[in-house]
């Protein structure tokens, strides 16, 4: 005899049988199931980037909306208020306020569209371009921090995928 009482053996046997009947996922399956969804990660990254960019731009006297608008105008050459609002992720009303401030600082020009009486064409001035380029160094530092430990080829692949995701959801 082993010295164990029958009651203890029975409880141990029942517990062992119960746990043997339960199927536990393999450790890798549990890790995969615990990983956040891609949409959650993209959303988290967006919120963190907005906060960090706002902090980086504030000492330079720009808001994130102004920086985005200047970036869009540099890339496109010109845009209407509605186009700029859409590409800057703000409402047309907010874009109007942002454009008024930027025009008062001589960062952009506002001219009537010769083909559409109600549309105003926005263009970047040389002064606006200078402001944008000063801000780009702060943004590059943030981007370098985000990409720390990432191979250039991986960063390029992520950028291509994100561009595809944007196209897929715009359609």
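Residue numbers (the UniProt record's numbering): 1 to 171. We put the beta carbon where it would ideally sit given N, CA and C, even for glycine.
Whole-angstrom C-beta distance between residue j and residue i, which should lie under 8 Å
i, j, result
"residue 73", "residue 79", "6 Å"
"residue 102", "residue 66", "6 Å"
"residue 120", "residue 112", "6 Å"
"residue 60", "residue 135", "5 Å"
Range of the contiguous beta strand (DSSP E) that encloses residue i
i, result
"residue 109", "108 to 112"
"residue 80", "78 to 80"
"residue 123", "120 to 124"
Closest residue to residue i among the options (Cα-Cα distance)
i, options, result
"residue 106", "121, 120, 129", "129"
"residue 116", "81, 132, 167, 133", "81"
Opening and closing residue of the alpha helix (DSSP H) in which residue i lies
i, result
"residue 96", "92 to 104"
"residue 49", "38 to 57"
"residue 156", "152 to 170"
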